[in-house]
Amino acid sequence: MYQIKQTIDLKNNINFIEIEDSNKTSYAKIHLNLGGSLQELMLLNHQLIKDLHPLTYQNTYASAILFPFANRIADGSYVYDNQTYQLEINQKEENNALHGLVYDKTFELINQKTTPEKAEVLLSYEEFEQFEGFPFTYTIDLKYILTKNSLDVIVSVKNTDTKTFPFTIGWHPYFISDDLSKSAVHFKSRKKFIFNKRNITQGIEEIAMDRTIFIENKTLDDCFDLDSNEIDFETPIYKFALKSSEKDSFLQLYTPPHPNTIAIEPTTGISNSFNNGEGLKTINPNDSYQIHWNLKLI
Numbered sequence: 008m009y010q011i012k013q014t015i016d017l018k019n020n021i022n023f024i025e026i027e028d029s030n031k032t033s034y035a036k037i038h039l040n041l042g043g044s045l046q047e048l049m050l051l052n053h054q055l056i057k058d059l060h061p062l063t064y065q066n067t068y069a070s071a072i073l074f075p076f077a078n079r080i081a082d083g084s085y086v087y088d089n090q091t092y093q094l095e096i097n098q099k100e101e102n103n104a105l106h107g108l109v110y111d112k113t114f115e116l117i118n119q120k121t122t123p124e125k126a127e128v129l130l131s132y133e134e135f136e137q138f139e140g141f142p143f144t145y146t147i148d149l150k151y152i153l154t155k156n157s158l159d160v161i162v163s164v165k166n167t168d169t170k171t172f173p174f175t176i177g178w179h180p181y182f183i184s185d186d187l188s189k190s191a192v193h194f195k196s197r198k199k200f201i202f203n204k205r206n207i208t209q210g211i212e213e214i215a216m217d218r219t220i221f222i223e224n225k226t227l228d229d230c231f232d233l234d235s236n237e238i239d240f241e242t243p244i245y246k247f248a249l250k251s252s253e254k255d256s257f258l259q260l261y262t263p264p265h266p267n268t269i270a271i272e273p274t275t276g277i278s279n280s281f282n283n284g285e286g287l288k289t290i291n292p293n294d295s296y297q298i299h300w301n302l303k304l305i
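Counting along the sequence shown from 1, when you hit position 116 you're at 123 in our numbering, and nothing is skipped either side.
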């Protein structure tokens, strides 16, 4: 049987949920005050996600849901519907807006459910303010479903504004390996994006479709246009498949300055999508968009 426990300490800005099965082989820890992000994950007694200390969430955006834009917007500026908008520059060193607007918001636990086979929680955040750089209101719901060998992340966004708005969306999990140098990422892609020194997309490189990246001693910060909705990550200890419900998907790979750790980020857009249009979508007033990521050990 699964159990769900919430811990709140407002004085110390602590608000997280722990989900665990009775055998203690399946576990998830979700921080509501960090954008509803998944900070720890264990499946079949394999640790897949853990705290990246001494790196901080403010620098890593670990497991953040990236909305209304994934990755970067150059100079924080974009044009939509013939109007120019200016977002806050939260990546000062490159002068970019980075990773959206909900990564540091506090989500509310709306519903929870447990059975002998799984547990699920529903979190929600509602944006009432119309910020200068993104003057639109919306609600965003996160549903996490944990089983002994899988995790589902379902994100639903509703436009509560009177105007249509643009968006991309992504997820920024970091996975650990016993030996990253002996691990590999498998996926299908024919296009790799080329970045400038500020990590802004400036071109496309044609590549072989069946792609296996043996990580070895590589330093990665690369983005690919996926031809399949599945990404496989293979380590010496475990292997998983990460699938997306979105057919038009991209993959960002990043190795942080933390041993045996890699970010494998499924997104619906790329760096500077608000300006180059790659993967950019819109939601009309009162309409909704949903994306479903499924991670399963194989």
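Quick reminder that beta carbons are idealized off the backbone N, C-alpha and C, glycines included.
Given residue i as reference, the closest of the options once Cα atoms are compared
i	options	result
GLU47	LEU153, HIS193, ILE305	LEU153
LEU249	ASP239, PHE257, ASN291	ASP239
ILE176	PHE74, ARG197, ASN103	PHE74
ILE183	ASN118, GLN90, PRO263, ASP232	PRO263
SER147	ILE305, ASN301, ILE290	In the sequence on display, residue 147 carries Ile and not Ser. Cα-wise, what sits closest to ILE147 is ILE290.
THR122	GLU237, ASN66, TYR9, GLU100	TYR9
LYS150	THR226, LEU130, PRO142	LEU130
LYS165	PRO173, ASP159, LEU158	PRO173
THR110	HIS299, GLN209, LEU41, TYR296	Position check: residue 110 holds Tyr in this sequence, whereas Thr was assumed. Per the Cα distances, LEU41.
LYS254	LEU233, TYR92, ILE220	LEU233
ASN97	TYR87, TYR261, ASN89, ARG79	ARG79
TYR68	TRP300, ALA270, ASP294	ALA270
Bridge partners - residue i, DSSP secondary structure assignment
i	result
TYR92	TYR85
SER163	ASP148, GLN297
ILE72	TRP178
GLU133	THR146
PHE138	PHE141
ARG79	LEU105
LEU50	HIS53
GLU25	LYS12, LYS36
ASN118	LEU129
ILE207	According to DSSP, which records beta bridges pairwise, ILE207 is partnered with nothing at all.
PRO263	Paired residues: none, contrary to the question.
PRO173	THR289
LYS214	The residue you asked about is not Lys; residue 214 is Ile in the sequence shown. In the DSSP output, where bridge partners are listed per residue, ILE214 has none listed.
ILE222	ILE222 is not bridged to any residue.
Coarse secondary structure for residue i, derived from DSSP in three states
i	result
LYS199	strand
THR242	coil
ASN30	coil
ASN40	helix
ASN66	helix
PHE309	The structure shown does not extend to residue 309, since the chain spans only 8 to 305, so no value can be given for it.
SER280	helix
LYS189	helix
LYS323	There is no way to answer for residue 323, as the model of the chain reaches only from 8 to 305.
LYS250	strand
LEU309	There is no way to answer for residue 309, as the model of the chain reaches only from 8 to 305.
Supposed close pair residue i, residue j - CB separation, criterion 8 Å
i	j	result
GLY43	LEU94	So it is not a contact: roughly 21 Å between Cβ atoms.
VAL162	ILE72	6 Å
ALA81	ASN279	5 Å
LEU59	HIS265	5 Å
ASN205	GLU101	What sits at residue 205 in the sequence shown is Arg, not Asn. Going by Cβ atoms, the distance from ARG205 to GLU101 rounds to 4 Å, so yes, they are a contact pair.
PHE257	GLY284	About 13 Å; that fails the 8 Å criterion.
GLY83	ASN103	7 Å
8 Å Cβ cutoff met for residue i and residue j
i	j	result
ILE56	LEU39	no
THR144	ASN22	no
LYS195	ASP217	yes
GLU272	HIS193	no
LYS288	ASN156	no
ILE244	HIS53	yes
GLU241	SER190	yes
ILE37	ALA126	no
TYR85	PHE281	yes
LEU116	ALA35	no
THR171	PRO292	yes
GLU212	ILE201	yes
ILE298	SER235	no
TYR181	THR274	no
ILE15	GLN119	no
ILE214	LYS199	yes
ILE32	LEU51	According to the sequence provided, residue 32 is Thr. The question's Ile does not apply to it. Yes, the pair counts as a contact, with Cβ atoms nearer than the cut-off.
ILE207	PHE247	no
CB contact below 8 Å: residue i versus chain D
i	result
LEU302	In the displayed structure, chain D is absent; only one protein chain is listed.
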